[in-house]
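Peer 1: Numbering (the working numbering), first residue to last: 0 to 583. For each residue, glycine too, the CB sits at the ideal point set by N, CA and C.
Below, the structure is given as structure tokens:
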């Protein structure tokens with residue numbers, strides 16, 4: 000931990016952290032490294048006791064040790080700078096020296112603390128939570144950021160049910176890494192320090208962009224050869240990105256954009272593909288259709304999936320003519336597709352919000368089988384948003400913070416000062432791709448534009464930046480705080496102009512691309528200057544994006560938890576039975 004003597008130089012010593020109830024040691028000792036300011040002592044065993052009885056701030060064994068009564072504990076803060084460290088703050092305002100866990104163990108220590116003493120009234124910030132639905136703190140884990148433990152609603156219920164349910168709980172500082180994040184030290188090395196000074200980048204002027212009208216049936220037909228193959232795919236994608244599709248084209252074009260149909264397939268090949276996929280779909284549908292009531296009573300997961308799907312289907316887009324009214328066939332198809340998806344991916348099953356992703360696809364396809372396979376492809380991209388560990392949501396919020404920080408550091412700092420630096424108010428935007436923020440027809444336009452994968456990777460993050468850019472002045476001028484920002488963002492729903500947003504998002508992308516000395520973190524997030532060896536099957540679009548005839552946005556191995564946060568990579572591994580997350 001940090002010595003109060005600021006005149007001394009910096010060094011590291013090792014210590015043992017124990018939880019003690021009188022004379023009984025209630026948890027295993029955890030090896031940790033404590034930061035102090037002295038070069039005179041290089042190796043010393045420190046006993047930092049947390050005791051349930053005794054006096055406060057007592058010196059134990061030497062002047063660097065400390066102890067305190069848990070009754071006097073007000074908050075526990077867990078932060079990360081490549082490794083986790085914990086800071087205790089007492090009710091009298093005293094902040095005790097930080098305890099650094101270079102070899103892991105912060106989560107195990109906090110678990111032991113919970114088991115040993117009652118700390119229900121203690122505010123725990125940035126702690127890891129094991130279960131998906133315990134609280135909103137699952138949004139970010141303890142190795143990066145954290146959320147207040149007292150958030151009782153799970154993120155999906157809170158987000159999809161309306162942000163008005165969110166009350167004024169304070170958040171710990173959302174500290175995005177600097178331009179380059181500290182590396183996790185190797186176990187044989189002593190961790191050092193790196194002073195990083197952020198230099199404000201001159202992004203230059205934001206260019207004006209022009210959008211065009213949607214691609215018509217006549218234009219679409221021009222890009223097909225005599226056998227039905229799509230030609231000049233990059234240019235066609237450019238047109239779709241610039242103007243979207245007229246509705247008459249969507250039913251066919253979305254199958255290509257969502258990788259259900261290969262771009263280079265012929266009419267005959269697509270007919271055979273549809274026949275094979277139809278057979279496969281109905282085999283899966285028969286699996287849940289043939290489950291008897293008696294069997295279902297013994298299958299709690301299937302029973303829970305069905306119950307949640309029925310609830311969500313009955314409240315999904317009911318103001319849309321395609322789904323309105325009682326006993327609507329559209330609702331039946333929505334239900335059946337979601338139930339069949341549970342058979343396709345039983346590990347994930349159904350999570351609230353997935354009906355929002357299926358609804359527009361079914362509306363466009365008007366066909367059960369085609370809608371299902373297009374939905375499968377979309378879920379390949381969105382899968383991590385709905386997984387128990389919520390890896391997709393964590394990664395996107397980290398990356399969004401990095402981009403916003405680059406684009407407008409003053410606004411980013413303002414959000415930080417209002418305990419809003421997490422950008423948690425963007426959670427619903429990212430979770431279901433703006434489905435509940437835009438008018439239904441605007442959702443169709445936005446999704447088909449994003450499915451082109453132009454003009455960069457993670458274009459949806461720039462859409463978030465564009466919306467915030469339009470609202471930042473109002474937020475800052477009116478001095479909105481935590482609650483006001485949350486309320487203001489929530490009230491933007493159904494009031495956003497999709498063409499204005501798309502124009503600004505593209506302009507922001509061009510502005511970033513034109514920036515000299517762009518941080519590597521930003522280039523990595525947006526996929527700029529990626530070194531890739533083009534093959535004969537790859538073509539380059541107007542935006543320099545390499546296009547492959549058949550690519551799936553979803554990694555084939557979801558067990559590989561290596562995610563870019565824009566600054567480095569977060570990796571998870573298992574060490575001695577405990578999950579350890581570190582930056583590499």
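1. Could you check which residue in 336, 360 and 246 has the C-alpha nearest to that of residue 285?
2. Cβ of residue 437 within 9 angstroms of Cβ of residue 429?
3. For residue 289, name the three-state secondary structure that DSSP assigns.
4. Does residue 520 pass the burial test, meaning 16 or more other C-beta atoms within 10 Å, or should it be called exposed?
5. Compute the beta-carbon to beta-carbon distance between residue 455 and residue 408, rounded to the nearest angstrom, for a pair I have assumed lies under 8 angstroms.
6. How big is the Cα-Cα spacing for residue 494 and residue 222?
7. Among 528, 316 and 91, which has the Cα closest to the Cα of residue 329?
8. I need the boundaries of the beta strand (DSSP E) containing residue 89, first residue and last residue.
9. Hey, is the stretch 371 to 386 in contact with the stretch 500 to 517, meaning 3+ C-beta pairs nearer than 8 angstroms?
10. Take residue 224 as the anchor and find which of 375, 248, 266 and 271 has the nearest alpha-carbon.
11. If I measure Cβ to Cβ from residue 364 and keep anything under 7 angstroms in the same chain, skipping five residues before and after, which residues do I get?
12. For residue 252, collect the residues of the same chain with a Cβ closer than 6 angstroms to its Cβ; drop the 5 residues on either side in sequence, then sort them by chain order.
13. When you compare the CB of residue 323 with every CB in chain D, is at least one pair closer than 9 angstroms?
14. Ignore the nearest five residues each way along the sequence and tell me which others in residue 273's own chain have a CB closer than 8 angstroms to its CB.
15. Is residue 350 near residue 334, with beta carbons less than 9 angstroms apart?
16. DSSP on residue 209, reduced to helix/strand/coil?
17. For residue 402, does the three-state DSSP call read helix, strand or coil?
18. For the beta strand (DSSP E) containing residue 345, name the first residue and the last one.
19. Would you grab the beta carbon distance between residue 239 and residue 447 for me? Rounded to a whole angstrom, and I think it's under 8 angstroms.
20. Can you tell me whether residue 528 is helix, strand or coil according to DSSP?
21. On the DSSP bridge list, what partners appear for residue 244?
22. Determine the DSSP secondary structure at residue 68, reduced to helix, strand or coil.
23. Rounded to the nearest angstrom, what separates residue 485 and residue 468 at their Cα positions?
Peer 2: In short, the structure shows the following:
1. Looking up residue 285 in the chain shown gives position 286. Out of 336, 360 and 246, 336 has the C-alpha closest to the C-alpha of residue 285.
2. On the chain shown, residue 437 is found 438 positions in, with the first residue counted as 1. On the chain shown, residue 429 is found 430 positions in, with the first residue counted as 1. No. Outside cutoff.
3. In the chain shown, residue 289 corresponds to position 290, counting from 1. Here residue 289 sits in coil by DSSP.
4. One-based indexing of the chain shown puts residue 520 at position 521. That one is buried.
5. Translated into positions along the chain shown, residue 455 becomes position 456. Translated into positions along the chain shown, residue 408 becomes position 409. Their Cβ separation, rounded to whole angstroms, is 21 angstroms, which puts residue 455 and residue 408 out of contact at 8 angstroms.
6. By 1-based counting over the chain shown, the position of residue 494 is 495. By 1-based counting over the chain shown, the position of residue 222 is 223. Take the alpha-carbon of residue 494 and the one of residue 222: they are about 35 angstroms apart.
7. Numbered from 1 along the chain shown, position 330 holds the residue referred to as residue 329. Checked all of 528, 316 and 91; the closest Cα to residue 329 is 316.
8. On the chain shown, residue 89 is found 90 positions in, with the first residue counted as 1. Counting along the chain, the beta strand (DSSP E) containing residue 89 begins and ends at 83 to 89.
9. Contact between the stretch 371 to 386 and the stretch 500 to 517 is absent, because fewer than three Cβ pairs lie under 8 angstroms.
10. The residue given as residue 224 occupies position 225 in the chain shown. For the residues 375, 248, 266 and 271, the minimum Cα distance to residue 224 belongs to 266.
11. Here residue 364 corresponds to residue number 365 of the chain shown, with the count starting at 1. Around residue 364: 250, 370 and 373.
12. In the chain shown, the residue the question calls residue 252 occupies position 253. Here the set comprises 244.
13. Protein chains in the displayed structure number just one, and chain D is not present.
14. Taking the chain shown and counting its residues from 1, the one referred to as residue 273 is at position 274. Here the set comprises 368 and 369.
15. For the purposes of this step, residue 350 is identified with residue 351 of the chain shown, where counting begins at 1. For the purposes of this step, residue 334 is identified with residue 335 of the chain shown, where counting begins at 1. Against a cut-off of 9 angstroms, the Cβ pair of residue 334 and residue 350 comes out as no contact.
16. Against the chain shown, residue 209 aligns to sequence position 210. If DSSP states are grouped into helix, strand and coil, residue 209 belongs with coil.
17. If you number the chain shown from 1, residue 402 lands on position 403. Here DSSP, grouped into helix, strand and coil, assigns residue 402 to helix.
18. Working through the chain shown from its first residue, we reach residue 345 at position 346. Taken as a continuous stretch (DSSP letters only), residue 345 belongs to no beta strand (DSSP E), as it is neither H nor E.
19. In the chain shown, the residue the question calls residue 239 occupies position 240. In the chain shown, the residue the question calls residue 447 occupies position 448. Going by Cβ atoms, the distance from residue 239 to residue 447 rounds to 6 angstroms, so yes, they are a contact pair.
20. The residue given as residue 528 occupies position 529 in the chain shown. The answer is coil: DSSP assigns residue 528 none of H, G, I, E or B.
21. Position 245 of the chain shown holds residue 244. Residue pairing by DSSP places residue 244 opposite 214 in a beta bridge.
22. Taking the first residue of the chain shown as 1, we reach residue 68 at position 69. Residue 68: strand per DSSP, three-state reduction.
23. Working through the chain shown from its first residue, we reach residue 485 at position 486. Working through the chain shown from its first residue, we reach residue 468 at position 469. Taking the straight line from one Cα to the other gives about 16 angstroms.
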